[in-house]
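Residue numbers (my numbering): 2 to 759. Heads up, the beta-carbon is just placed ideally off N, CA and C, and yes, glycines get one too. Predicted model, so just to flag it, every value in this text is computed and none were measured.
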């Protein structure tokens, strides 16, 4: 790449979209989430079509424009142009009162209109032009039109001022990209050699990312999957022109492993960003996200350029580093991180940052046309997590509590929604009632309620608006899920639990059953993706549920371990079925105590529920009071989870009781004597209930294997994950007890790892 200031050679133009230029250089003032327009992309497209269809003959739509300013090339599409006036329109769809759109939002919209205005003046030789912001209310169909005339000279000066603010940053970004790619081309593996199976996995990832393909890779715990995938994907990035690599995982320990691997790789000047959930990054959880409430939202965009520059210079932005820079510059850590998505090379975070309906990384990939590589760790968790992302629920007790204390301006609108909720209550005939489709009248009332609540928060900030804002976010999420509702989901009514308060109104749920159709566009948007885990069997099941492309490559890395390292024992005299648990409890406790007496040390015991865990714990303590035990509890904090794991010391002894599929069933590393055995008192099968029976029926109709896909396969994935805590390296030895007679069945054993030797 030529230096930016190469003599006698025109600089290679840096292309930037109008939207990106204006967001970078024209945003000022407060961060303000009170006014939430909320139309979906489909609503926005339909709204633009409605407005432009009202215009007369000769009106030009989606007008492609571009202009140069030094070594910047700015491009985009103007919404509409009437050459007879001449008038250029910038169309924005919204809900609620357009008069309540914050000034800094409106200023950004005007900036976009002025940039397009200059481009058009330059292209057509116009001396002046009328610009108009057109705010279209998708609920009422009403247009709010704000017209202003500008001279071409005024627009040119504005355009050049924005470009001047962005040009230096663009040159620095271009230089950083060149240095980054040069470093990645010579990236060295940070260890003397590869572990068994690790080279095979790294080679498969390199080939997939180099060819722009997706890869489904099953590889055993302990071979170094995190390092193999990161190293290979980064080495493939320069040749493929990869803009960003997203390392996505289901749990916090997975993020920490990825960050540790990136530190070992030492790929400077790679910019690494760790993203965390908004509630975990929030410095003022008692305040709402606007300048009248939160000091870190006040003047956010005025201080953002300095914070952004400091973050880019730092390069390494894990949670602590990002927070330190944000607080140093007085801005919100979470929204600083969201801004830095655009300027980072590797993003480490939860699944939802790319797969959620409102995911920032997904939106950035699509709107900016980025070439993105995905590394999806713990991929066996993605189907269930995606179901949750594409599901939503509204609790009546939360709404009723807000309704009782709502300001006068909101009482009538909330009463209107209350009446629609009462209508739903009359339709509920059982504890669980499936509706034939979305309740249209309720959804209409909910959309109106969301717009009115948004208007209220923008117009009349009050001390209790943090609760109202939280409710607004729930409403908007429900509406987003409703917008993509199809036969992959169902709508039902359930009786509220006592914990949610007393109300005769039902909980309204949209439940996703088959996430594949909603995940498919995400795979299409990614240039390449590697999904990896120790438990991706059967691969047809995983591929079907995740909606992966048909040409997805597959890799199954053989285990480097053998049966001599792990004694796997089945207890055929024990049944953990719900109706048999009381009678088999003494036999279960006897197996646990006998094994511990034969080889004292650290063990994990897994159960299907907290209730079953407590029953077994009490019986063990009653019969063997000297045996040291500790137990997982509901809703443990991060510190409490760390304390649970810390009990497993190299010279420790005792049994930790945990729930299968919970925080301790995967993602924890207890090598050597820190864990020498596990008891698994369940097949992990999901509970048989009306919702799971609907899921079984849907998957039977879709894939022809309803029971296996809904119950057997996900259950045994959890079993294999839990058993995988025991053998973590070539020197480990241990024992796993499978405490249920069903482990003797052939259809169950074929789903267990072959190297166990059962």
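>> Which same chain residues end up closer than 7 angstroms to residue 495 when comparing Cβ atoms and leaving out the 5 residues on each side of it in sequence?
In response: In the chain shown, the residue the question calls residue 495 occupies position 494. Cβ within range, chain order: 432, 433, 507, 508 and 510.
> Nearest-angstrom Cα distance between residue 197 and residue 230?
Replying inline: Translated into the one-based positions of the chain shown, residue 197 becomes position 196. Translated into the one-based positions of the chain shown, residue 230 becomes position 229. Distance from the CA atom of residue 197 to the CA atom of residue 230, rounded to whole angstroms, is 15 angstroms.
> So residue 269 is in the alpha helix (DSSP H); what residue range does that whole segment cover?
Replying inline: Numbered from 1 along the chain shown, position 268 holds the residue referred to as residue 269. No alpha helix (DSSP H) contains residue 269, which DSSP labels as neither H nor E.
> Can you round the beta-carbon distance between residue 250 and residue 378 to whole angstroms, since I take them to be within the 8 angstroms contact cut?
Replying inline: Reading the chain shown from its first residue, position 249 is the one you call residue 250. Reading the chain shown from its first residue, position 377 is the one you call residue 378. The Cβ separation is near 4 angstroms, so the contact holds.
> Would you call the CB atoms of residue 554 and residue 132 closer than 9 angstroms?
Replying inline: Counting from one through the chain shown, the residue named residue 554 turns up at place 553. Counting from one through the chain shown, the residue named residue 132 turns up at place 131. No, they are not a contact pair.
>> By alpha-carbon positions, which one of 728, 119 and 300 ends up nearest to residue 567?
In response: As a working note, residue 567 is residue 566 in the chain shown. Of the candidates 728, 119 and 300, the one whose C-alpha sits nearest the C-alpha of residue 567 is 728.
> Would you call the segment 736-745 and the segment 666-680 touching, i.e. three or more CB-CB distances under 8 angstroms?
Replying inline: Touching, per the Cβ criterion.
> Tell me which same chain residues have a C-beta within less than 7 angstroms of the C-beta of residue 404, skipping the five on either side of it?
Replying inline: As a first step, residue 404 must be located in the chain shown, where it is residue number 403. When the five nearest sequence neighbours on each side are left out, the beta carbons in the same chain lying within less than 7 angstroms of the beta carbon of residue 404 are those of 415 and 419, in order along the chain.
> If you drop the 5 nearest sequence neighbours on each side, which residues of the same chain put their C-beta closer than 6 angstroms to that of residue 164?
Replying inline: Indexing the chain shown from 1 puts residue 164 at position 163. Excluding sequence neighbours, residue 164 sits near 70 and 73.
> Would you call the segment 623-636 and the segment 564-581 in contact, with 3 or more CB pairs under 8 angstroms?
Replying inline: With the cut-off at 8 angstroms, the segment 623-636 and the segment 564-581 do not touch.
> Among 303, 323 and 256, which one has its Cα closest to the Cα of residue 282?
Replying inline: Taking the first residue of the chain shown as 1, we reach residue 282 at position 281. Comparing Cα-Cα distances from residue 282 to each of 303, 323 and 256, the minimum goes to 323.
> Per DSSP, residue 513 is paired with what?
Replying inline: By one-based count along the chain shown, residue 513 stands at place 512. As a beta-bridge residue in DSSP terms, residue 513 pairs with 490.
> How would you call residue 277, buried or exposed, if buried means at least 16 neighbouring beta carbons within 10 angstroms?
Replying inline: Start at 1 with the first residue of the chain shown, and residue 277 comes out as number 276. With 16 or more Cβ atoms within 10 Å of its Cβ, residue 277 is classed as buried.
> Is there contact between the segment 287-294 and the segment 228-247, where contact requires at least three CB pairs shorter than 8 angstroms?
Replying inline: Short answer: they don't touch.
> Exposed or buried, residue 719, counting other C-beta atoms within 10 Å across all chains shown (16 or more means buried)?
Replying inline: Stepping through the chain shown from its first residue, residue 719 is reached at position 718. Classification of residue 719: buried, given that the 10 Å Cβ count is 16 or more.
> If residue 23 sits next to residue 124, beta carbons under 8 angstroms apart, how far is it from one beta carbon to the other, in whole angstroms?
Replying inline: Taking the chain shown and counting its residues from 1, one reaches residue 23 at position 22. Taking the chain shown and counting its residues from 1, one reaches residue 124 at position 123. In fact, because the Cβ distance is near 19 angstroms, the residues do not count as touching under 8 angstroms.
> Considering only residues of the same chain and omitting the five flanking positions on each side of residue 758, which have a CB-CB separation below 6 angstroms?
Replying inline: On the chain shown, residue 758 is found 757 positions in, with the first residue counted as 1. The answer, listed in chain order, is 564.
>> Between which residues of its own chain and residue 412 is the CB-CB distance below 8 angstroms, once the five residues before and five after are set aside?
In response: Start at 1 with the first residue of the chain shown, and residue 412 comes out as number 411. A distance below 8 angstroms between beta-carbons, with the five flanking residues on each side excluded, links residue 412 to the following residues of its chain, in chain order: 404.
> What three-state label does DSSP hand residue 539 in the structure shown?
Replying inline: For the purposes of this step, residue 539 is taken as residue 538 along the chain shown, with counting starting at 1. The answer is coil: DSSP assigns residue 539 none of H, G, I, E or B.
>> Alpha carbons only, please: which of 604, 105, 390 and 188 is nearest the one belonging to residue 666?
In response: Indexing the chain shown from 1 puts residue 666 at position 665. Distance from the Cα of residue 666 is smallest, within the candidate group 604, 105, 390 and 188, for 604.
> Among 594, 687, 588 and 548, which residue has its Cα nearest to the Cα of residue 610?
Replying inline: In the chain shown, residue 610 corresponds to position 609, counting from 1. Nearest option by C-alpha distance: 687.
>> Taking the alpha carbon of residue 491 as the reference point, which residue from 435, 473 and 534 has its own alpha carbon closest?
In response: Taking the first residue of the chain shown as position 1, residue 491 is located at position 490. The residue from 435, 473 and 534 with its alpha-carbon nearest to that of residue 491 is 435.
> By how many angstroms is the C-alpha of residue 711 removed from the C-alpha of residue 178?
Replying inline: Along the chain shown, one-based indexing puts residue 178 at 177. Along the chain shown, one-based indexing puts residue 711 at 710. The alpha-carbon atoms of residue 178 and residue 711 are separated by roughly 45 angstroms.
>> Which complete beta strand (DSSP E) runs does the segment 34-78 hold, if anything under 3 residues is left out?
In response: Counting only unbroken stretches of 3 or more residues, the beta strand (DSSP E) elements lying wholly within the segment 34-78 are 61-70, in sequence order.
> Using the C-alpha atoms, what's the distance from residue 258 back to residue 332?
Replying inline: By one-based count along the chain shown, residue 332 stands at place 331. By one-based count along the chain shown, residue 258 stands at place 257. If you take the alpha carbons of residue 332 and residue 258, they lie about 28 angstroms apart.
> Taking C-beta to C-beta, are residue 380 and residue 534 nearer than 9 angstroms?
Replying inline: Reading the chain shown from its first residue, position 379 is the one you call residue 380. Reading the chain shown from its first residue, position 533 is the one you call residue 534. Yes; because the gap between Cβ atoms is below 9 angstroms, this pair is in contact.
>> Along the chain, where does the alpha helix (DSSP H) containing residue 749 start, and where does it finish?
In response: Along the chain shown, read from residue 1 onward, the residue named residue 749 stands at position 748. In the DSSP assignment, residue 749 falls within the unbroken alpha helix (DSSP H) covering 747-750.
>> Between the alpha carbons of residue 598 and residue 639, how many angstroms are there, rounded?
In response: Here residue 598 is taken as the residue at index 597 of the chain shown, counted from 1. Here residue 639 is taken as the residue at index 638 of the chain shown, counted from 1. Distance between the alpha carbons of residue 598 and residue 639: 32 angstroms.
> Who are the near neighbours of residue 464 in its chain, counting only those whose CB is closer than 8 angstroms to its CB and skipping five residues on each side?
Replying inline: Counting from 1 along the chain shown, the entry for residue 464 is found at position 463. The predicted position of residue 464 is uncertain, since its pLDDT is 45 and thus under 50; a value taken from the coordinates is nonetheless stated next. Cβ contact annotation for residue 464 (same chain, cutoff 8 angstroms, sequence separation greater than five): none.
> So, is residue 732 buried or exposed, given that buried needs 16 or more other C-beta atoms within 10 angstroms?
Replying inline: As a working mapping, residue 732 is identified with position 731 in the chain shown. Under this definition residue 732 is an exposed residue.
> What three-state label does DSSP hand residue 391 in the structure shown?
Replying inline: Your numbering for residue 391 matches position 390 in the chain shown. When secondary structure is reduced to three states using DSSP, residue 391 falls in the coil class, being assigned neither helix nor strand.
>> Taking contact to mean 3 or more Cβ pairs, one atom from each stretch, closer than 8 angstroms, check whether the segment 356-371 and the segment 314-321 are in contact.
In response: Look at the beta carbons and you see the segment 356-371 not touching the segment 314-321: under three pairs across the two are nearer than 8 angstroms.
> To which residues of the same chain is residue 308 closer than 7 angstroms at the C-beta, ignoring the five residues directly before and after it?
Replying inline: Here the question's residue 308 lines up with position 307 in the chain shown. Closer than 7 angstroms at the Cβ level, and outside the excluded window around residue 308, lie 326, 327, 330, 332 and 337.
> Do the segment 444-456 and the segment 93-103 make contact, defined as three or more Cβ pairs closer than 8 angstroms?
Replying inline: Three or more beta-carbon pairs drawn from the segment 444-456 and the segment 93-103 are found closer than 8 angstroms, and the two stretches are therefore classed as touching.
> Should the segment 542-549 be called in touch with the segment 516-532, which here means at least 3 C-beta pairs below 8 angstroms?
Replying inline: With the rule of 3 Cβ pairs closer than 8 angstroms, the segment 542-549 counts as touching the segment 516-532.
> Per DSSP, residue 136 forms a beta bridge with which residues?
Replying inline: As a working mapping, residue 136 is identified with position 135 in the chain shown. Under DSSP, residue 136 forms a beta bridge with 93 and 145.
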